[in-house]
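Below is one structure, written out as C-alpha cells; the observations come after it.
In UniProt numbering, the protein residues as written are 1 to 599.
This is how it looks when you write it as C-alpha cells:
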C-alpha cells in the first residue's frame, strides 16, 4: 500500500472493501474507500418545510435508548485530541505519515459502527496500517485483544476508559506518536440550529449560528446534518464533501467552516448564501442586464480557476449548483461529485456513474469516463449557454438523454445553436471555445477567465480595447502604492551597496573624508556659551564687536526674501593645529585694555 497520499487526496483511491475488511488485525485494510455509486449527478432537491430545530439528535437504539458508545464518546472520548471521530480508513492512512504513529477513530462499515485504533508500522520501506477494534461491555469496560497480542507488554485486562489503554501502551512504548485531529473538526457545542430549511437524499439543511474556536460572537451559517441513524453512504458523502471544501478558499466558492464528526449526527458547517441558485434566479428575473450576466460568468470562471489550481475537479458544474449572494455575486457549491487529483495525476477515470449529468458532460467523459480540468471547462461552456437562455430549458432540451448523448459525441460544437439563440451575443464565442470536441483547442480556466474578463471590461467601457491580462475588478485592491514605495526604497539601497563595493577603497576613503569634514563643521557650530572661534594670527574680536551670547546677523543682499538670514562667523574658520593648544580668551573691562605700545 502506497502511503504517499496527501491530506485531501483520499478521494482518489476509491477501493471498496467488504464489511469485514476493517477487522481486528486489519493489515492495509479499512472501511475506507469512496465509491461513488451513491453520488448522484443531479442536485439535491430540498423540500421546503417549516418548523424549528436546535441542538443535535443523538443516535438511539431500536429500544429507544441512547447508544452507550455514543454516550461515552460525548462524555469522555471527544476531549482527547488523538480521537478523530467518524473517519474512513483511507483518510486515516493519509494522516498516519510517520512510523509508529496512531490515532483513535470511529469506523463505519455497511453493518456496524465501532471504535478502533489505527497504527502505522513497518518503517519507510514497508509501511503497514493496522486497525485494532476496541470492544466494550457494560460490566467489564474496554479491551483491545489484537493490540494486546501485538504488544504483549500491555497488561491484558479490561479498562474503565480507553485513555488507560493508551497510557499503558505509551508508557511501555514511548516511541509511539499520537496524531492530533485536524483543525477542520469542530465541536457540536459550537453549533446552534435555528430553522429547518429543507431535506435532501442524505440529510437535512438548517440555518444555524456557529461560534468558531476563539471567536466571541457567532455567525449565521448553513448546516447539513445526517438524518437519524445515518448509513455508511450518507456519512461517506458528508466526509468526502468536507475533505474537498477544506482545501478551497475563494470569494467565488461557498466557504467551508468545519465538520462536526466527533459524535453523531455528523454536521457540515458552510457559508449561508441567501439568494438561491443561479438557475431559479435567472428564471425569475429574465430581464437581468447584460453587464450583470457577464459578471456572473466572470465569477464562475474565477471560482473554477481556483478549483483547477487546487487540482479539484467539480464534475457537476451547472447553474443549479451556483448560488447567488445578496450583493449579486456567484459562488460555486455542491462538491458531492468532486475529486481531488494527486500531484502528477492528470485525469480521474470513472466509467460508471449513477445519475450522471449527461447534458453537461464532455464527450471524453461519456466515451471513456475521463474527468479533468478540460471536462470542467466543457461544463462551464454549458453553464454559459444556460445563462444566455436565462435557464428557460435544460441544455439540449429538444433531445432525450440518449439523443443528447449522441449529439454531444458526434457534433463538433453541440451547444452552438443554443448560444446563437441566446443573449448576450458576446458570450457565444466563449461557449464554442469551451464546448469544443478538440481537447487541445479547448481553453483552460486561466484563458477562460481572461477572455470573459476582457468581454466584461469591454461591456463596461464601450469603444475601448481591453487586453486579457488586465487585473480583475472583482478583487479588492491591495495597498499597491505603499508596497511599491517600499520596494523602490529597498532597490535603491541595494544598488548603492553594490556600487560602493565595486568602486573599492577609493570610494570608501572619499566617503570617510566627507563624513569627517561634515562632523568637524558640525562641532564648530556648537560652541560653548561665551567662547568664540578665532583664526590663527588674528586677534580675537572685542566683546563690543562680537557679543558672546548672540550670533552675528548678516542681511541678505540677493534674492527676493526680505527676511534677514542669521548665521555665525565661525562657519569658514578652520580649526587650529592640534599641536598648538588654543589659549582661553578672558573677558576684561574696556577701561583696562591697553595697547602694546603703551608699555
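Using N, Cα and C, we set each Cβ at its ideal position, and we do this for glycine too. This one's a predicted model, so the numbers in the text were calculated from it and none came from an experiment.
Item to complete: Measure how close the beta-carbons of residue 108 and residue 235 come, nearest whole angstrom, since I'm counting them as under 8 Å.
Response: The sequence position of residue 108 within the chain shown is 108, counting from 1. The sequence position of residue 235 within the chain shown is 235, counting from 1. Contact holds; Cβ gap of about 6 Å.
Discussion item. Looking at the secondary structure, which residues open and close the beta strand (DSSP E) in which residue 269 lies?
Written reply: Here residue 269 refers to the residue found at position 269 when the chain shown is read from its first residue. Residue 269 -> beta strand (DSSP E) spans 267–271.
Fill in: Unbroken stretches of the alpha helix (DSSP H), 4 residues or longer, contained in the segment 279–355
Whole alpha helix (DSSP H) segments, 4+ residues: 290–309.
Worksheet item: In three-state terms, what does DSSP make of residue 604?
Response: Since the first and last residues shown for the chain are 1 and 599, residue 604 lies out of range.
Worksheet item: Hey, quick one: how far does the beta strand (DSSP E) through residue 147 stretch, first residue to last?
Response: Reading the chain shown from its first residue, position 147 is the one you call residue 147. According to the DSSP assignment, residue 147 belongs to no beta strand (DSSP E) but to the alpha helix (DSSP H) extending over 145–150.
Fill in: Residues bridged to residue 205 [DSSP beta-bridge criterion]
To locate residue 205, count along the chain shown from 1; it is residue 205. For residue 205, which the question treats as bridged, DSSP gives the partners 198 and 224.
Worksheet entry | For residue 215: DSSP bridge partner residues | Start at 1 with the first residue of the chain shown, and residue 215 comes out as number 215. Its beta-bridge partners do not exist; DSSP assigns none.
Item to complete: Over the uninterrupted alpha helix (DSSP H) stretch that includes residue 456, give me the two end residues.
Response: Numbered from its first residue, the chain shown carries residue 456 at position 456. Residues 445–460.
Worksheet item: Thinking just about the alpha-carbon of each residue, which of 256, 261, 320 and 245 is nearest to the one in residue 281?
Response: The residue you call residue 281 lines up with position 281 of the chain shown. Considering only alpha carbons, the answer is 320.
Practice prompt. May I ask you to report which of helix, strand or coil DSSP gives residue 76?
Written response: Position 76 of the chain shown, counted from the start, is the residue given in the question as residue 76. Residue 76 falls in the coil class under three-state DSSP.
Discussion item. Taking DSSP's pairing of strands, which residues face residue 103 in a bridge?
Written reply: Residue mapping note: residue 103 aligns to position 103 of the chain shown, counting from 1. DSSP links residue 103 through a beta bridge to 118.
Item to complete: Return the CA-CA distance between residue 62 and residue 112, expressed in angstroms with no decimal places.
Response: To locate residue 62, count along the chain shown from 1; it is residue 62. To locate residue 112, count along the chain shown from 1; it is residue 112. Any reading at residue 62 is ruled out, since the residue's pLDDT is 46, under 50, leaving its predicted position unreliable.
Worksheet item: From what residue to what residue does the alpha helix (DSSP H) around residue 379 run?
Response: If you number the chain shown from 1, residue 379 lands on position 379. According to the DSSP assignment, residue 379 belongs to the alpha helix (DSSP H) that extends over 373–388.
Worksheet item: Among 68, 428, 447 and 409, which residue has its Cα nearest to the Cα of residue 417?
Response: Indexing the chain shown from 1 puts residue 417 at position 417. For residue 417, the nearest C-alpha among the options comes from 428.
Practice prompt. Please state if the CB of residue 268 and the CB of residue 312 are separated by a distance shorter than 8 Å.
Written response: The residue labelled residue 312 in the question sits at position 312 within the chain shown. The residue labelled residue 268 in the question sits at position 268 within the chain shown. Cβ atoms of residue 312 and residue 268: not closer than 8 Å.
Worksheet entry | Residue ranges of each alpha helix (DSSP H) within the segment 138–190, 4 or longer | Qualifying alpha helix (DSSP H) stretches, in chain order: 145–150 and 162–172.
Discussion item. Does the beta-carbon of residue 295, which I'm using as the reference point, lie nearer than 7 Å to any heavy atom of the ligand ADP?
Written reply: Ligands in the displayed structure: none, and consequently the ligand ADP is not present.
Worksheet item: Is residue 434 closer than 8 Å to residue 397 when the C-beta atoms are compared?
Response: Within the chain shown, residue 397 is the residue found at index 397, counting from 1. Within the chain shown, residue 434 is the residue found at index 434, counting from 1. For the 8 Å CB-CB criterion, residue 397 and residue 434 do not form a contact.
Discussion item. Any contact between the segment 238–248 and the segment 208–220? By contact I mean 3 or more CB pairs, one from each, below 8 Å.
Written reply: Contact between the segment 238–248 and the segment 208–220 is absent, because fewer than three Cβ pairs lie under 8 Å.
Fill in: Sequence-distant residues of its chain with Cβ nearer than 6 Å to residue 424 (five each side left out)
Here residue 424 is taken as the residue at index 424 of the chain shown, counted from 1. The residues are 290.
Item to complete: From the DSSP output, in three-state form, read off residue 393 for me.
Response: Residue 393 sits at position 393 when you count from the first residue of the chain shown. Correct three-state label for residue 393: coil.
Worksheet item: If we call anything under 8 Å between Cβ atoms a contact, is residue 204 one with residue 225?
Response: One-based indexing of the chain shown puts residue 204 at position 204. One-based indexing of the chain shown puts residue 225 at position 225. Judged by beta-carbon spacing, residue 225 lies within the 8 Å limit of residue 204, meaning their Cβ atoms are closer than that value.
Worksheet item: When you compare each of 181, 189, 160 and 110 to residue 84 by their alpha carbons, which one comes out closest?
Response: Along the chain shown, one-based indexing puts residue 84 at 84. Among 181, 189, 160 and 110, the Cα nearest to that of residue 84 belongs to 181.
Item to complete: Report the rounded CA-to-CA distance for residue 163 versus residue 220, giving the unit in angstroms.
Response: Start at 1 with the first residue of the chain shown, and residue 163 comes out as number 163. Start at 1 with the first residue of the chain shown, and residue 220 comes out as number 220. Straight-line spacing of the CA atoms in residue 163 and residue 220 works out to 36 Å.
Fill in: residue 238: first and last residue of the uninterrupted alpha helix (DSSP H) it sits in
The residue you call residue 238 lines up with position 238 of the chain shown. Start and end: 232–245.
Worksheet item: Between residue 138 and residue 68, is the Cβ-Cβ spacing less than 8 Å?
Response: Within the chain shown, numbered from 1, the residue matching residue 138 stands at position 138. Within the chain shown, numbered from 1, the residue matching residue 68 stands at position 68. Closer than 8 Å, so yes.
Worksheet entry | Extent of the continuous alpha helix (DSSP H) to which residue 358 belongs | Stepping through the chain shown from its first residue, residue 358 is reached at position 358. Looking at the DSSP string, residue 358 is not in any alpha helix (DSSP H), and its letter there is neither H nor E.
Worksheet entry | Close Cβ partners of residue 572 (< 6 Å) along its chain, the five nearest in sequence each way excluded | Sequence index remark: in the chain shown, residue 572 carries index 572 (1-based). Only weak support is given to the placement of residue 572: the predicted model assigns it a pLDDT of 43, under 50, and the value that follows is read from those uncertain coordinates. None.
Worksheet item: Of all the options 76, 374 and 93, which has the alpha carbon lying nearest to the alpha carbon of residue 131?
Response: Here residue 131 corresponds to residue number 131 of the chain shown, with the count starting at 1. Nearest option by C-alpha distance: 93.
Item to complete: Would you check if the distance between the CB atom of residue 331 and the CB atom of residue 252 is smaller than 8 Å?
Response: Translated into the one-based positions of the chain shown, residue 331 becomes position 331. Translated into the one-based positions of the chain shown, residue 252 becomes position 252. The answer is yes: Cβ separation under 8 Å.
Worksheet entry | the segment 297–315 in contact with the segment 260–276 per 3-pair CB rule at 8 Å | Fewer than three beta-carbon pairs drawn from the segment 297–315 and the segment 260–276 are found closer than 8 Å, and the two stretches are therefore not classed as touching.
Worksheet item: Among residues of its own chain, excluding the 5 on either side of residue 328, which ones have a beta-carbon nearer than 7 Å to its beta-carbon?
Response: Residue numbering aside, residue 328 sits at position 328 when the chain shown is read from its first letter. Excluding positions up to five away in sequence, the list reads 292.
Discussion item. In whole angstroms, give me the CA-to-CA distance for residue 145 and residue 172.
Written reply: Numbered from its first residue, the chain shown carries residue 145 at position 145. Numbered from its first residue, the chain shown carries residue 172 at position 172. One C-alpha to the other measures close to 17 Å.
Item to complete: Pull up the DSSP beta-bridge partners for residue 610, would you.
Response: Examination of residue 610 is not possible in this model, given that the chain is present from 1 through 599 alone.
Worksheet item: Going by other Cβ atoms of all chains shown within 10 Å of its Cβ, with 16 needed for buried, is residue 265 buried or exposed?
Response: Within the chain shown, residue 265 is the residue found at index 265, counting from 1. By the Cβ-count criterion, residue 265 is buried, with 16 or more other Cβ atoms from all chains shown falling within 10 Å of its own Cβ.
Fill in: Short Cβ contact (8 Å threshold) for residue 386 with residue 375
For the purposes of this step, residue 386 is identified with residue 386 of the chain shown, where counting begins at 1. For the purposes of this step, residue 375 is identified with residue 375 of the chain shown, where counting begins at 1. Contact: no.
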